[in-house]
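>
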Amino acid sequence: MTAQIIDGKSYAEGLRGRIAGHVARLKAEHGITPGLAVVIVGHDPASQIYVSNKARQTVEVGMYSEKYELPDTAPEAEVLALIEKLNADPKIHGILVQLPLPRQVDPNKVIATISPDKDVDCFTPASVGKVQIGLPGPVACTPLGCLMLLRDFVGDLAGKHAVIVGRSNLVGKPMAQLLLRENCTVTVAHSRTVDLPGVVRGADIVVAAVGRPLMIKGDWIKPGAAVIDVGINRIAAPEKGEGKTRTVGDVDFAAAKDVAGWITPVPGGVGPMTIACLLANTVTTASLINGLAPPSDLTP
Ligand code: GUN
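Next up, the structure:
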């Protein structure tokens, strides 16, 4: 079998188009322009690129964007004061503080200060709890993107055995909640799981989110399974020249694509979905803050 390639870049483009339509309607019918503030502390080059992309795409879908760049020496109190200001600003419906933060700034304190109403990352305990019990609100961006792709390509997920490899708060745990809500049977595997290859072989859906390059082998995949690779890893690529690198996922794509039914490539699979889902969450929070039901195609 040769898997159908799940083109996340193209799906994300379509999603951004739908988001632009919702933003235009919110403006025309309710006078609401969804606003997203992104905050970066320090000069980590990868974070700078992410934050610039987030701010650019926010404007491209017609939303209001604010970007705050604080020096890497910024005291914790300054970061918390900025979040309090954004919590109180009616133009802002979403607040994203880019992680990681410099050592003097405690990420838990930062997250605890973000108003759950504006928590477009879905990091606060209140937002996480809402996802667990199925109340409307933002949903962790990467798992939301994975779910949208699975629903679109695979269809009804009910009854399928989903194995999530990785138990992070960012991806593994929220992914488990979302797939449970789809009536999957969910297994969360991790570094202490016994016989990981055997566990993955039982999966109709594999979500790989461990951050270990090419860890999941082709012969771990059940024929016809859907494989969603969240990993983004840089590895040496001597074939491209000395010192060169390439980006690979957590799954050995070259081998798995001959066995799976559907598979996301890296790059171009889950990656492009994350920012699109951040924008979707901003439409969701802007709607809820104003007493409107969020668009049903942007939330699970
Ligand atoms: N750093 C890496 N990924 C993320 C993310 O999804 N949200 C935030 N706030 N920071 C990140």
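The sequence shown maps to residues 1198 to 1497 in the numbering used here.
Each residue gets a CB set at the ideal place from its N, CA and C atoms; glycine is no exception.
Predicted model, so just to flag it, every value in this text is computed and none were measured.
1. State yes or no: is the C-beta of Gln1295 nearer than 6 Å to some heavy atom of the ligand GUN?
2. Would Val1383 pass as a contact of Ala1405 if the rule is Cβ separation under 7 Å?
3. Going along the chain, which residues of its own chain have a beta-carbon closer than 7 Å to the beta-carbon of Gly1369, five neighbours each way excluded?
4. Is Ser1365 helix, strand or coil when you go by DSSP?
5. For the putative contact between Val1276 and Val1317, defined by C-beta atoms under 8 Å, what is the C-beta separation to the nearest angstrom?
6. Label Leu1341 either buried or exposed according to how many other C-beta atoms from any shown protein chain fall within 10 Å of its C-beta, with 16 as the threshold for buried.
7. Can you pull the DSSP bridge partners for Ser1168?
8. Apart from the five residues on each side of it in sequence, which residues of its chain come closer than 7 Å, Cβ to Cβ, to Glu1379?
9. Could you check the C-alpha separation between Thr1496 and Gly1259 for me, to the nearest Å?
10. Checking the sheet assignment: what are the DSSP bridge partners for Tyr1265?
11. For the segment 1441 to 1455 and the segment 1476 to 1492, state whether three or more C-beta atom pairs, one from each stretch, are separated by less than 8 Å.
12. Using C-beta distances below 6 Å, list every residue in its chain close to Ala1473, excluding the 5 sequence neighbours before and after it, in chain order.
13. When the Cα of Thr1321 is compared with those of Gly1331, Ile1308, Ile1330, which residue comes out closest?
14. Relative to the ligand GUN, is the shortest distance from any of its heavy atoms to the C-beta of Asp1316 smaller than 6 Å?
15. Going along the chain, which residues of its own chain have a beta-carbon closer than 7 Å to the beta-carbon of Ile1486, five neighbours each way excluded?
16. Taking the continuous beta strand (DSSP E) assigned at Ala1433, which residues delimit it?
17. Is the segment 1392 to 1402 close to the segment 1415 to 1433, with three or more CB pairs under 8 Å?
18. Between which two residues does the alpha helix (DSSP H) containing Val1328 stretch?
19. Quick test of your reading: Cys1343 and Leu1475, contact by CB under 8 Å. State the CB separation rounded to the nearest angstrom.
20. Please say whether Gly1428 and Gly1546 have beta carbons closer to each other than 7 Å?
21. Measuring straight from C-alpha to C-alpha, what distance separates Ile1235 and Met1345?
22. Between which residues of its own chain and Thr1390 is the CB-CB distance below 7 Å, once the five residues before and five after are set aside?
23. Tell me Ala1423's beta-bridge partners as DSSP assigns them.
24. Sorted by chain position, which residues of the same chain lie with C-beta nearer than 7 Å to Thr1199's C-beta, five sequence neighbours on each side aside?
25. What does DSSP give as the partner residues of Leu1518 in its beta bridges?
26. How would you label Lys1282, buried or exposed, when you count the other beta carbons within 10 angstroms and need 16 or more for buried?
27. On the DSSP letters alone, give me the boundaries of the alpha helix (DSSP H) that Gly1211 sits inside.
28. Name the residue from Glu1273, Asp1494, Gly1465, Ala1278 whose alpha carbon lies nearest to the alpha carbon of Leu1298.
29. Can you have a look at Ile1432 and say buried or exposed, based on whether 16 or more other CB atoms are within 10 angstroms of its CB?
30. How should Gly1421 be labelled, buried or exposed, when 16 other C-beta atoms within 10 angstroms of its C-beta is the threshold for buried?
Answer, in terms of the structure:
1. yes
2. no
3. Ile1361, Gly1363, Val1385, Ala1406
4. coil
5. About 17 Å; that fails the 8 Å criterion.
6. buried
7. Here the chain covers residues 1198 to 1497 and nothing more, so residue 1168 does not appear.
8. Leu1354, Ala1355
9. 19 Å
10. Val1236
11. no
12. Ala1209, Leu1212, Arg1213
13. Ile1308
14. no
15. His1290, Asp1314
16. 1430 to 1433
17. yes
18. 1322 to 1330
19. Contact flag wrong, Cβ pair sits at about 14 Å.
20. An answer regarding residue 1546 cannot be provided, because it is not within the stretch 1198 to 1497 covered by the chain.
21. The residue asked about is misnamed: residue 1235 is Val in this sequence, not Ile. If you take the alpha carbons of Val1235 and Met1345, they lie about 24 Å apart.
22. Val1396
23. Ile1402, Trp1459
24. Lys1454, Asp1455
25. Residue numbering for the chain in the displayed model covers 1198 to 1497; residue 1518 lies beyond these limits and cannot be assessed.
26. exposed
27. 1205 to 1227
28. Glu1273
29. exposed
30. exposed
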